[in-house]
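Everything below concerns the one structure shown next.
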Amino acid sequence: MADAPDMGELMESEDPNFGQVLACVFGIQSHESRTYLALLDNPGSTVAELAEVLDRDRSNVNRSLTTLLDKGLTERKRRLLDPGGYVYQYTATPLPEAKEMMHAALDEWAEDVHARIDAFGES
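175 is the number of the first residue of the sequence shown in our numbering; add one for each residue after it.
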């Protein structure tokens, strides 16, 4: 699946996996949810290391990481290298915290939908 499933697709699926639910809730692409899941298994990875694990181009992995950073699903730390320079290492937001974020996002969405329903026909 190239794109994130919408809510209808997710509800029709008999057994959606965590990556599909994550993609739907946060409005991210499936490759971005795969990147998050890879980070859970490989904390402290660099872009190059993740690109190898995911068998994707480094520029694509970098874009996925930018999205995950924006959504609060990963953190980035700079590590200084002995010969000079630095490299960024990425770690996924811990699964329990990510689940809480998903619940909060769904609660916010549901409140918005309820408000729209209540407001219907009032104008």
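All C-beta atoms, glycine included, are put in the ideal place defined by N, C-alpha and C.
Of the candidates Gly258, Leu255 and Ala266, Ala266 places its Cα closest to the Cα of threonine 240.
Around the C-beta of serine 219, 16 or more other C-beta atoms lie within 10 Å, and the residue is accordingly described as buried.
Taking C-alpha positions only, valine 227 is separated from leucine 269 by approximately 20 angstroms.
DSSP places serine 187 in the coil class of the three-state scheme, outside both helix and strand. Counting along the chain, the unbroken alpha helix (DSSP H) around arginine 237 starts and ends at 232-245. Distance between lysine 251 and aspartate 292, taken at the CA atoms: about 45 angstroms. Here serine 207 is buried: its Cβ has 16 or more other Cβ atoms, across all protein chains shown, within 10 Å. By the Cβ neighbour-count rule, serine 233 is exposed, with fewer than 16 other Cβ atoms within 10 Å of its own. Shown here, glutamine 203 sits in coil according to DSSP, grouped into three states, outside any helix or strand. Between alanine 197 and serine 204, the beta carbon gap of about 5 angstroms places them in contact (Cβ cut-off 8 angstroms). Just so you know, the alpha carbons of glutamate 282 and phenylalanine 200 end up roughly 12 angstroms apart. In the three-state reduction of the DSSP assignment, leucine 255 falls in the coil class, being assigned neither a helical nor a strand state.
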